[in-house]
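Participant: Before we start, here is the structure in question, set down as structure tokens.
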Amino acid sequence: MPEAPDLEIICEVLTRGLVGRQVTEAKVLRPTVLRSLAAKDLPSDLPGRTLEEVTRRGKFLLLSFGERMIVINPMLTGALQLSAPKERVLKSTHLVIGFGEEEELRYLDETQMGQVYYILPEQLPKVPRFSEQGPDALSDGITLAEFKARLGKYHGEIKGILTRGSVVSGIGNAYADEVLFAAGISPFRKRRTLTDQEVERLHASIGRVLSEAVVVLREGMGEVIHHKIRDFLQVHNKGGQPCPRCGAVISQLNANQRSTSYCRHCQPGMLLKN
Ligand SMILES: [Zn+2]
């Protein structure tokens, strides 16, 4: 799934390429990802409007067209593609927004789990999961005191808490693995077992890992925003490979279309459940 660093670059690219331009056409090829909140009138209502701003909040992407707004929650496999209209339309394309003869913005989604809303700006708080988000992990950051206070409300495994988005928003499956590796904390540790020092390390790792990723992605993605670049990550999806810190084999568990990768040596403290 696109996470805060990926969406940050997508925002930059779309701002450079499309902000200030007028929509000339809007086509819904597969309506499954379009949700309520007036999404049905998108093809007829959007053309003629000008894209005024592209922003990100956590794992949501917001396209502002003045009196209307497109809100995208890409979930597991949603992606955006900026392409020329003559380029082949990929099978997973759900929505196409044309900006003149040169450029099209397409929303792709392999699993159709993503959600696209076409709303009035004041409806934003009604978008599911939007208002429950914690402070943004990347742009505003979160103070240690607030991180501790928000974390304290949750029990269960620390990775699940980080990806939920209500403590801090913008971290998904991949960057949760990376942040926990950087902090030297097992993804399976229960929140209550974390020491103050470990919570501080975790807090520091969030800001550092995500902002470093933005730099790498900015360099690597260019204008090709529908491909996720993940090869530079330290442990995520690198099961079986040597840990970059200690050389031990990285462990990986796969469940529910999500994987968890970690180094048992660098992230100790929890026996695996059978
Ligand atoms: Zn290691």
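Counted from 1, the sequence shown has number 243 at position 244 by numbering that gives the first Met the number 0; the numbering is strictly sequential.
Glycine included, each C-beta is placed from N, C-alpha and C at the ideal position.
If contacts are defined as beta-carbon pairs under 8 Å, then leucine 94 and valine 27 qualify, I think. What distance do you get, rounded to the angstrom?
Facilitator: Position 95 of the sequence shown holds residue 94. Position 28 of the sequence shown holds residue 27. At roughly 6 Å, the Cβ-Cβ gap stays under 8 Å, so leucine 94 and valine 27 are in contact.
Participant: For leucine 13, which residues of its own chain have a beta-carbon under 6 Å away from its beta-carbon, when the five flanking residues on both sides are left out?
Facilitator: Locating residue 13 in the sequence shown gives position 14, counting from the first residue. Contacts found: Val53.
Participant: Note the first and the last residue of the continuous alpha helix (DSSP H) segment covering threonine 162.
Facilitator: On the sequence shown, position 163 is the one that residue 162 refers to. Its alpha helix (DSSP H) spans residues 157 to 163.
Participant: Got a sec: does ligand 1 put a non-hydrogen atom nearer than 6 Å to the Cβ of arginine 278?
Facilitator: This structure does not reach residue 278, given that the chain is present from 0 up to 273, and the question cannot be answered.
Participant: Return helix, strand or coil for cysteine 10, following the three-state DSSP convention.
Facilitator: Locating residue 10 in the sequence shown gives position 11, counting from the first residue. Looking at cysteine 10 - three-state DSSP - the assignment turns out to be helix.
Participant: Taking 6 Å as the cut-off, is the C-beta of cysteine 262 nearer than that to any heavy atom in ligand 1?
Facilitator: Sequence index remark: in the sequence shown, residue 262 carries index 263 (1-based). Yes, the beta carbon of cysteine 262 sits closer than 6 Å to at least one heavy atom of ligand 1.
Participant: In whole angstroms, what separates the C-alpha of lysine 85 from that of glycine 206?
Facilitator: Your numbering for residue 85 matches position 86 in the sequence shown. Your numbering for residue 206 matches position 207 in the sequence shown. Cα to Cα, the separation comes out at about 40 Å.
Participant: So what does DSSP say about tyrosine 261, is it helix, strand or coil?
Facilitator: Walking along the sequence shown from the start, residue 261 turns up at place 262. It is a strand residue.
Participant: Quick check: the Cα distance between isoleucine 160 and leucine 232, rounded to an integer number of angstroms?
Facilitator: Position 161 of the sequence shown, counted from the first residue, corresponds to residue 160. Position 233 of the sequence shown, counted from the first residue, corresponds to residue 232. Spanning the two alpha carbons is a distance of roughly 21 Å.
Participant: With a threshold of 6 Å (Cβ to nearest heavy atom), would alanine 182 be considered close to ligand 1?
Facilitator: One-based indexing of the sequence shown puts residue 182 at position 183. Result no, Cβ not under 6 Å from ligand 1.
Participant: Per DSSP, threonine 54 is paired with what?
Facilitator: Taking the sequence shown and counting its residues from 1, the one referred to as residue 54 is at position 55. DSSP lists Leu61 as partners of threonine 54.
Participant: With distance defined between alpha-carbon atoms, name the residue in Ser168, Leu81 and Gly151 nearest to aspartate 139.
Facilitator: Against the sequence shown, residue 139 aligns to sequence position 140. If we check each option's Cα against that of aspartate 139, Ser168 comes out closest.
Participant: One question on the structure: do leucine 209 and alanine 3 come within less than 7 Å of each other, judged by their Cβ atoms?
Facilitator: Taking the first residue of the sequence shown as position 1, residue 209 is located at position 210. Taking the first residue of the sequence shown as position 1, residue 3 is located at position 4. Contact flag set, yes.
Participant: Between which two residues does the alpha helix (DSSP H) carrying isoleucine 205 extend?
Facilitator: Within the sequence shown, the letter at position 206 stands for residue 205. Looking at the DSSP string, the run of the alpha helix (DSSP H) that includes isoleucine 205 is 195 to 220.
Participant: Pick from Ala136, Gly16, Thr162 and Asp108: whose alpha carbon is nearest that of glutamate 101?
Facilitator: The residue you call residue 101 lines up with position 102 of the sequence shown. Per the Cα distances, Gly16.
Participant: Just the C-alpha distance for lysine 158 and phenylalanine 59, rounded to the nearest angstrom, thanks.
Facilitator: Stepping through the sequence shown from its first residue, residue 158 is reached at position 159. Stepping through the sequence shown from its first residue, residue 59 is reached at position 60. Lysine 158 and phenylalanine 59: Cα-Cα distance of roughly 20 Å.
Participant: With burial defined as no fewer than 16 other Cβ atoms inside 10 Å of the residue's Cβ, what is the status of valine 178: buried or exposed?
Facilitator: Here residue 178 refers to the residue found at position 179 of the sequence shown. It counts as buried.
Participant: Under three-state DSSP, which class holds asparagine 273?
Facilitator: Locating residue 273 in the sequence shown gives position 274, where the first residue counts as 1. Interpretation of asparagine 273 is limited by its pLDDT of 39, a score under 50 that renders its predicted location unreliable; the figure taken from the coordinates is listed afterwards. Of the three classes helix, strand and coil, the one that applies to asparagine 273 here is coil, per DSSP.
Participant: In the structure shown, what three-state DSSP assignment does leucine 75 receive?
Facilitator: Locating residue 75 in the sequence shown gives position 76, where the first residue counts as 1. Reduced to three states, the DSSP call for leucine 75 is coil.
Participant: How long is the line joining the alpha carbons of serine 91 and valine 214, rounded to whole angstroms?
Facilitator: Numbered from 1 along the sequence shown, position 92 holds the residue referred to as residue 91. Numbered from 1 along the sequence shown, position 215 holds the residue referred to as residue 214. Serine 91 and valine 214: Cα-Cα distance of roughly 29 Å.
Participant: Taking the alpha-carbon of isoleucine 71 as reference, which of Tyr117, Phe180 and Cys245 has the nearest alpha-carbon?
Facilitator: By 1-based counting over the sequence shown, the position of residue 71 is 72. Ranking Tyr117, Phe180 and Cys245 by Cα distance to isoleucine 71 puts Tyr117 first.
Participant: Among residues of its own chain, excluding the 5 on either side of glycine 238, which ones have a beta-carbon nearer than 7 Å to its beta-carbon?
Facilitator: Here residue 238 corresponds to residue number 239 of the sequence shown, with the count starting at 1. Counting only Cβ-Cβ distances below 7 Å, and skipping sequence neighbours, we find Ile249, Ser250, Gln251 and Ser260.
Participant: Where does the unbroken alpha helix (DSSP H) through phenylalanine 180 begin, and where does it stop?
Facilitator: Taking the sequence shown and counting its residues from 1, one reaches residue 180 at position 181. Element bounds for phenylalanine 180: 172 to 182.
Participant: Are leucine 81 and leucine 62 touching if we call contact CB-CB under 7 Å?
Facilitator: Counting from one through the sequence shown, the residue named residue 81 turns up at place 82. Counting from one through the sequence shown, the residue named residue 62 turns up at place 63. Not in contact: leucine 81 and leucine 62 (Cβ atoms no closer than 7 Å).
Participant: In angstroms with no decimal places, state the Cα-to-Cα distance between arginine 263 and leucine 143.
Facilitator: Taking the first residue of the sequence shown as 1, we reach residue 263 at position 264. Taking the first residue of the sequence shown as 1, we reach residue 143 at position 144. Cα to Cα, the separation comes out at about 26 Å.
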